[in-house]
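Here the numbering used here runs 82 ahead of the position in the sequence shown, where the first position is 1. Beta carbons: idealized from backbone N, C-alpha and C, even for Gly. This structure is a prediction, so every number in the text was calculated from the model and none was measured.
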Amino acid sequence: MGKYTEVEKLVIKVLEARNRILGKEHPDTIRARGNLAGAYRNLGKYHDAEMLEVKVLDARNRILGEEHPDTISAMGNLAETYKNLGKYKEAEMLEIHVLDARKRILGEEHPDTITAMGKLAGAYKSLGKYKEAHLLEIHVLDARTKTLGEEHPDTMNAMANIAGTYSNMGKYEEAEKLETHVLDAGKRMLREDHPDTINAMESLAGTYRNLGRFTEAEKLGMQVLKARSRILGESHPDTIRAMMNLAPTYKNMGKYAEAEQLMLHVLDASKINLGEEHPETIRAIANLAAIYKNLGRYTEAEMLEIKVLDMDNKIIGGDHPDTIRAKASLAATYWNMGKYVQAEKLEVEVLDARRRILGEKHPDTVRAMGNLATTYGNLGKYLDEEELEIQVLEARKNIFGEEHPDTINAMANLAGTSRNLGKYAEAEKLDLHVLDTRRRILGQEHPDTISAFANLAVTYKNLGKYSEAKLLEIQVLDARERVLGVEHPDTLQTMINLAFTFKALEQELHALRLLQAAFELQCKILGTAHPMTSQSEKALLQWNCELPAFPSDNNKSATSTTESAPFVGVAKSCGQVPVLGRKT
83 MGKYTEVEKL VIKVLEARNR ILGKEHPDTI RARGNLAGAY RNLGKYHDAE
133 MLEVKVLDAR NRILGEEHPD TISAMGNLAE TYKNLGKYKE AEMLEIHVLD
183 ARKRILGEEH PDTITAMGKL AGAYKSLGKY KEAHLLEIHV LDARTKTLGE
233 EHPDTMNAMA NIAGTYSNMG KYEEAEKLET HVLDAGKRML REDHPDTINA
283 MESLAGTYRN LGRFTEAEKL GMQVLKARSR ILGESHPDTI RAMMNLAPTY
333 KNMGKYAEAE QLMLHVLDAS KINLGEEHPE TIRAIANLAA IYKNLGRYTE
383 AEMLEIKVLD MDNKIIGGDH PDTIRAKASL AATYWNMGKY VQAEKLEVEV
433 LDARRRILGE KHPDTVRAMG NLATTYGNLG KYLDEEELEI QVLEARKNIF
483 GEEHPDTINA MANLAGTSRN LGKYAEAEKL DLHVLDTRRR ILGQEHPDTI
533 SAFANLAVTY KNLGKYSEAK LLEIQVLDAR ERVLGVEHPD TLQTMINLAF
583 TFKALEQELH ALRLLQAAFE LQCKILGTAH PMTSQSEKAL LQWNCELPAF
633 PSDNNKSATS TTESAPFVGV AKSCGQVPVL GRKT
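Here it is, written out as structure tokens:
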């Protein structure tokens with residue numbers, strides 16, 4: 083595991099020598115124990131770090147007293163390890179204690195007090211308490227500006243933390259303004275290749291990605307990767323993290339081959355430098371699975387996600403947020419594979435765990451509720467779905483505000499449920515609101531805006547507005563083919579939706595040929611057993627019964643040579659035309 087393992091071995095030798103020469107309770111021995119805990123943290127051995135840090139804190143409490151600076155530092159170190167273990171409530175309690183002690187002993191304006199305030203803000207963010215975090219971070223920024231000046235690195239870091247909270251709250255434009263300021267100051271005061279400047283560049287790239295400005299995100303992400311490769315080397319953890327952050331940008335741009343290649347490189351580097359079971363290695367496996375999911379390679383994604391879940395259960399335990407997240411990801415893959423019963427089982431477990439550990443109002447709990455609601459819809463449990471989605475929408479309005487992307491997503495999902503329940507006028511009203519908001523905040527070309535066009539088209543069809551639906555779906559298909567590629571599942575769903583619109587407009591030949599093309603791609607990408615493939619096959623059977631004769635390929639005009647041939651691959655057994663998909 084590279085230099086981290088070497089550090090671990092060295093610190094173990096120091097600790098053994100001090101134990102032998104000075105005794106277990108000598109301050110230098112206790113300090114060595116704390117250093118070993120820090121080495122374990124770097125190696126991702128959080129349980130080992132926790133055991134040592136509990137001993138260090140106990141010894142310092144006993145020998146030095148509760149309010150000695152070294153005791154308070156030990157408490158802060160244990161709080162950091164608790165965060166890594168996902169024990170956010172325990173971390174919060176310790177950070178509150180540290181801050182109170184620092185205020186009492188050192189005063190409100192002491193640098194260590196301000197640092198403790200920033201650490202507590204981080205704990206609040208982990209618990210989804212973004213408003214409380216924001217208040218503390220504003221205080222930290224004011225104090226840093228007053229004591230250190232506007233352009234001191236610590237002041238810039240405080241500003242960067244506020245920008246991160248803005249991103250968590252969905253205030254991406256405010257985040258962008260702060261991050262641009264931090265980056266400009268870093269370039270001016272520290273130099274282009276200073277670690278803090280490169281970190282600022284990385285944060286701004288992430289915000290560009292959230293804003294759907296993928297080209298700008300890619301450009302900055304590449305600069306970060308090149309700088310870290312040159313300064314730190316290809317195998318440094320920060321360089322690997324830069325690759326890991328660039329991969330989702332490639333994914334969003336539809337550059338799936340580049341994203342996959344990058345994540346495979348990250349995974350190999352993480353295994354070599356950090357080890358098979360390091361949290362960063364496991365995260366790399368999970369990210370690779372996410373790319374496979376975007377490519378529609380669900381079987382490969384499923385295999386990786388089962389591996390991630392097993393490793394997380396073994397290494398960090400079933401209640402760690404990363405383990406619960408792994409379970410949620412696997413549930414999403416089952417959902418994509420049409421395994422709705424398996425998805426429901428996992429999603430119920432995820433929701434129960436998040437309610438118990440994080441509380442009812444944490445954003446991750448609300449997200450779990452939304453995922454379960456969607457699965458209820460696929461299982462035909464529309465009233466259960468509607469009940470959950472109304473709760474999700476209200477919770478997101480309260481936590482994030484009316485225009486946060488997650489709030490808008492909840493509104494889009496509720497519109498889909500309203501469609502399933504035949505409440506088409508309500509669905510149209512919600513869909514139009516979602517589309518207007520996404521256009522204004524994210525822009526016309528953002529993938530979420532394109533999805534909003536697609537959802538509105540479905541509602542128009544339900545209302546019998548087929549001509550309006552057709553215009554929207556042609557737009558959506560063009561955008562998805564360009565961005566995602568012809569074989570992406572979302573592109574296939576758009577082809578199917580447009581085929582049904584052609585059918586409703588009595589443009590039978592266009593409808594049949596488009597559905598035929600989509601069906602062939604579904605067989606290739608999703609497999610013949612996938613529910614959506616089966617639905618397409620049934621529709622093709624029905625349409626062939628209704629229109630038994632079509633022009634042969636020999637009679638096609640020159641202008642139609644790129645069209646797929648009509649479907650002739652199954653026996654003509656007429657049945658009911660299925661309703662395909664409720665959300666695009």
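- Here ARG123 is buried, its C-beta having at least 16 other C-beta atoms within 10 Å.
- Along the region 155 to 206, the alpha helix (DSSP H) occurs as fully enclosed runs of 4 or more residues at 170 to 188, listed in sequence order.
- In summary, GLN526 is exposed, with fewer than 16 beta-carbon neighbours lying within 10 Å of its beta-carbon over all protein chains present.
- Restricted to the region 531 to 619, the alpha helix (DSSP H) segments that are unbroken, complete and at least 4 residues in length are 548 to 565, 571 to 586, 590 to 607, listed in chain order.
- The DSSP-derived three-state label of MET385 is helix.
- In the DSSP assignment, GLU362 falls within the unbroken alpha helix (DSSP H) covering 361 to 376.
- With a contact defined as Cβ atoms closer than 8 angstroms, MET493 and HIS515 qualify at about 6 angstroms.
- The continuous stretches of alpha helix (DSSP H) do not include ASP275, and DSSP gives it neither H nor E.
- Taken atom to atom, the span from the alpha-carbon of THR111 to that of ALA156 is near 14 angstroms.
- Assignment of LYS106 by DSSP, reduced to helix, strand and coil, places it in the coil class.
- Looking only at MET419, VAL93, ALA282, GLY147, the smallest Cα-Cα distance to LEU134 is reached by VAL93.
- Going by beta carbons, ASN166 and VAL138 fall outside the 9 angstroms limit.
- In this chain, HIS444 is not harboured by any alpha helix (DSSP H), its DSSP state being neither H nor E.
- Sixteen is the threshold: when 16 or more other Cβ atoms of the shown chains lie within 10 Å of the Cβ of GLY288, as they do, the residue is buried.
- GLY452 places its beta carbon less than 9 angstroms from that of VAL474.
- A direct Cα-to-Cα measurement between TRP417 and PRO109 gives close to 55 angstroms.
- Proximity of the region 517 to 525 to the region 479 to 492 meets the contact definition, three or more beta-carbon pairs being nearer than 8 angstroms.
- Rounded to the nearest angstrom, the gap between the Cα atoms of GLU484 and GLU471 is 15 angstroms.
- In this structure the region 588 to 607 lies against the region 617 to 628, because at least three pairs of beta carbons, one per stretch, are closer than 8 angstroms.
- Check the Cα spacing between GLU172 and each of PRO193, ARG437, LEU202: the tightest is with LEU202.
- In the displayed model, GLY231 falls within coil according to three-state DSSP, outside both helix and strand.
- Nearest to ASN355 by alpha-carbon distance, out of GLU88, CYS627, GLU628, THR279, is GLU88.
- Shown here for VAL264: same chain residues with a beta carbon closer than 6 angstroms to its own, the five before and five after excluded, namely MET238, MET241, ALA242, ALA282 in chain order.
- In the three-state reduction of the DSSP assignment, GLY498 falls in the helix class.
- Sixteen is the threshold: when 16 or more other Cβ atoms of the shown chains lie within 10 Å of the Cβ of ASP513, as they do, the residue is buried.
- With distances taken between CA atoms, ASP394 lies nearest to GLU362 out of ALA372, GLU362, LEU223, GLU382.
- Counting the other CB atoms within 10 Å of its CB gives ASP392 a total below 16, which places it among the exposed residues.
- If you draw a straight line from the Cα of SER549 to the Cα of ASN495, it is about 24 angstroms long.
- The alpha-carbon of THR321 is positioned some 7 angstroms away from that of GLY315.
- Straight-line measurement puts the Cα of LEU260 at about 20 angstroms from the Cα of ASP275.
- For secondary structure counted as the alpha helix (DSSP H) over 4 or more consecutive residues, the region 409 to 444 holds these complete runs in sequence order: 422 to 440.
- Secondary structure of GLN305 (DSSP, three-state): helix.
- Counting along the chain, GLN526 sits inside no alpha helix (DSSP H), nor does DSSP assign it H or E at all.
- In the three-state reduction of the DSSP assignment, ILE398 falls in the coil class, being assigned neither a helical nor a strand state.
- A straight-line Cα-Cα distance of about 8 angstroms links ALA161 and MET175.
- GLU469: member of the alpha helix (DSSP H) spanning 464 to 482, first to last residue.
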